[in-house]
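Visitor: Just so you know, my numbering puts 173 at position 153 of the sequence shown, and the rest follows in order with no gaps.
Think of the CB as a built atom: it goes at the ideal place given N, C-alpha and C, for glycine as much as any other residue.
Sharing a structure with you now.
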Amino acid sequence: MTIILYNLDEHKEELFKIVSNQYFSLNFQNFRELSENLSKNKIDEAIVLTSANSVEILKKILPKHSHYILVDDVTEEKAKEKGFFDVLNPPFKPVDVLEKIEKAQFHIMYEKTNQPSILEENENIYDDETSLFNRTFMDHYFSIQKRVLKSSMIILFHFEGLKIIKALYGEEVKTSVLLKLIEHIKTTFPTLILSRYYEYEIIGTSVEHEVEELEEKIKNIQKCIVIEHEQLPIDVVLGYEIYNPSNENITDIITRSRQMAIENKRIFLAINKKTYLTKLKDTLAETNYESKNHLINLQLLANDYANHLGLDPKNRQLLLDAIALHDIGKLGIPKEILEKNTKLTSEEFEKIKKHPEYGYQICLSEGFSPIVLSAILHHHERI
Numbered sequence: 021m022t023i024i025l026y027n028l029d030e031h032k033e034e035l036f037k038i039v040s041n042q043y044f045s046l047n048f049q050n051f052r053e054l055s056e057n058l059s060k061n062k063i064d065e066a067i068v069l070t071s072a073n074s075v076e077i078l079k080k081i082l083p084k085h086s087h088y089i090l091v092d093d094v095t096e097e098k099a100k101e102k103g104f105f106d107v108l109n110p111p112f113k114p115v116d117v118l119e120k121i122e123k124a125q126f127h128i129m130y131e132k133t134n135q136p137s138i139l140e141e142n143e144n145i146y147d148d149e150t151s152l153f154n155r156t157f158m159d160h161y162f163s164i165q166k167r168v169l170k171s172s173m174i175i176l177f178h179f180e181g182l183k184i185i186k187a188l189y190g191e192e193v194k195t196s197v198l199l200k201l202i203e204h205i206k207t208t209f210p211t212l213i214l215s216r217y218y219e220y221e222i223i224g225t226s227v228e229h230e231v232e233e234l235e236e237k238i239k240n241i242q243k244c245i246v247i248e249h250e251q252l253p254i255d256v257v258l259g260y261e262i263y264n265p266s267n268e269n270i271t272d273i274i275t276r277s278r279q280m281a282i283e284n285k286r287i288f289l290a291i292n293k294k295t296y297l298t299k300l301k302d303t304l305a306e307t308n309y310e311s312k313n314h315l316i317n318l319q320l321l322a323n324d325y326a327n328h329l330g331l332d333p334k335n336r337q338l339l340l341d342a343i344a345l346h347d348i349g350k351l352g353i354p355k356e357i358l359e360k361n362t363k364l365t366s367e368e369f370e371k372i373k374k375h376p377e378y379g380y381q382i383c384l385s386e387g388f389s390p391i392v393l394s395a396i397l398h399h400h401e402r403i
């Protein structure tokens, strides 16, 4: 990165002393000096500190990926109206000058993230299924962050429920649901650079963050980002961290964020288990009226049976959960088979027989008790 001091009089020496210790720096007093130097020396990108009132003439000769910082006693808003990236107001503190240069340097990289040229030529940096960046790109991006940033944010979105969507409804439906989830994320976090890091995991990163604003957005997205396929509700869990790329290992950051996502899911289920159960039951009832009547009758019997056995509250709840969810695997059975009035074909019957396994997979991914899982998986076995 080249720092160019252009058309500075009063503050030239002071600013040159600050920036030349950290960056390769050049000083030009007028346009002729600058243009002559550029004709002899190739500069790929530059950050220009100048007191000039306009950047338009400079943009004609400087590289496309250059940023301009106005050196003047004006507001940031005023500077941006004139086309500058930022402003430096005298008197200068070295730490402030270097921070603004780092910010501009990062933003140049940020603007270049949509261009494959930042990696090896012809290297694929996009995920075929989602058109997001892939892990190759993101790993390279993190390596650049390490060199230029002191603070960054990472958010890890974990879509465990998509495994069930894929198992029950196939690859095409899973992709459709995934794309809807991504649109929710883009709407909520428009500044995130998103990458498909693993099949059921998306990582977003951004230099633009405010902790309070971030936490509020995360609360909101956890409330609203529930995508429903025709039948099965899919929740999203996430972990996040604000960190210093220059002295922290990105692999450790991702691991911690993943652990946070898993813990958030456990807490979410503990708090919202009843709501989630109700939603699954209602979804199944809407799919198949016979299932609704069957479930009501079983719940009445289960209550009486629990009273007869004198079950404590914990075991009573386990019994009621198992009853509520025992047929949830029918969400993976085509509606026309569930509602068929005539005799099932052997092929249709084989599909029906799979619903305990489907139910087990659904509830396994949602963290239900092994006792409930066992009841779901084995509820059609003859003793």
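Applying the criterion that 16 or more other CB atoms from any shown protein chain within 10 Å of the CB defines a buried residue, is glutamate 119 buried or exposed?
Guide: exposed
Visitor: Of the choices His85, Pro110, Lys363, Arg155, whose alpha-carbon is the least far from that of isoleucine 34?
Guide: It is glutamate, not isoleucine, that sits at residue 34 in the sequence shown. With distances taken between Cα atoms, glutamate 34 lies closest to Pro110.
Visitor: Just checking, does the segment 340-356 make contact with the segment 377-384 on the three C-beta pairs under 8 angstroms criterion?
Guide: yes
Visitor: Per DSSP, glycine 224 is paired with what?
Guide: Looking at the DSSP output, glycine 224 sits in a beta bridge with Ile175, Leu214.
Visitor: By DSSP, does phenylalanine 162 sit in helix, in strand, or in coil?
Guide: Three-state DSSP puts phenylalanine 162 in a helix.
Visitor: Along the alpha helix (DSSP H) that carries asparagine 335, what are the first and last residues, could you check?
Guide: 333-345
Visitor: Considering only residues of the segment 23-85, which uninterrupted beta strand (DSSP E) runs meet the minimum length of 3 residues and lie entirely inside it, listed in chain order?
Guide: 44-48, 66-70
Visitor: In angstroms, rounded to a whole number, what distance separates the CA positions of threonine 207 and tyrosine 263?
Guide: When the Cα atoms are used, threonine 207 and tyrosine 263 turn out to be separated by approximately 24 angstroms.
Visitor: What separation, rounded to the nearest whole angstrom, lies between the Cα atoms of serine 86 and isoleucine 174?
Guide: Taking the straight line from one Cα to the other gives about 26 angstroms.
Visitor: For the segment 89-115, list the alpha helix (DSSP H) runs that are entirely contained and at least 4 residues long, ordered along the chain.
Guide: 96-101
Visitor: Reducing DSSP to helix, strand and coil, say where glycine 259 ends up.
Guide: strand
Visitor: By the DSSP assignment, the alpha helix (DSSP H) with glutamate 368 in it spans what residues?
Guide: 366-372
Visitor: Just the Cα atoms here: how many angstroms apart are glutamine 319 and isoleucine 164?
Guide: 58 angstroms
Visitor: Report buried or exposed for valine 91, applying the criterion of at least 16 other Cβ atoms within 10 angstroms of its Cβ.
Guide: buried
Visitor: Strictly by DSSP, which residues pair up with phenylalanine 157?
Guide: Answer by DSSP bridge pairing: none, since phenylalanine 157 is not bridged.
Visitor: Within a Cβ cutoff of 8 angstroms, which residues of the same chain sit near lysine 98, ignoring the five residues on either side of it in sequence?
Guide: Closer than 8 angstroms at the Cβ level, and outside the excluded window around lysine 98, lie Val107.
Visitor: Would the segment 68-78 count as touching the segment 22-38 if we require 3 or more Cβ pairs under 8 angstroms?
Guide: As far as the Cβ criterion goes, the segment 68-78 touches the segment 22-38, which means the pair count is three or higher.
Visitor: At the level of alpha carbons, what is the spacing between glutamate 96 and alanine 124?
Guide: 14 angstroms
Visitor: Give the range of the alpha helix (DSSP H) segment to which leucine 358 is assigned.
Guide: 355-358
Visitor: Reducing DSSP to helix, strand and coil, say where serine 394 ends up.
Guide: helix
Visitor: Taking Cβ to Cβ, would you say phenylalanine 179 is nearer than 9 angstroms to isoleucine 213?
Guide: no
Visitor: Just checking my contact of isoleucine 202 with threonine 150 at CB under 8 angstroms: how many whole Å lie between their CB atoms?
Guide: Between threonine 150 and isoleucine 202 the Cβ distance is about 6 angstroms, and since that is below 8 angstroms, they are a contact.
Visitor: What does the alpha-carbon distance come out to for the pair asparagine 313 and histidine 204?
Guide: 36 angstroms
Visitor: If you measure between the beta carbons of arginine 216 and leucine 152, is that distance less than 9 angstroms?
Guide: Yes. Within cutoff.
Visitor: In three-state terms, what does DSSP make of histidine 87?
Guide: Histidine 87 falls in the strand class under three-state DSSP.
Visitor: If we ignore side chains and look at the alpha-carbon of each, how far apart do isoleucine 353 and isoleucine 372 end up?
Guide: 7 angstroms
Visitor: How would you call isoleucine 38, buried or exposed, if buried means at least 16 neighbouring beta carbons within 10 angstroms?
Guide: buried
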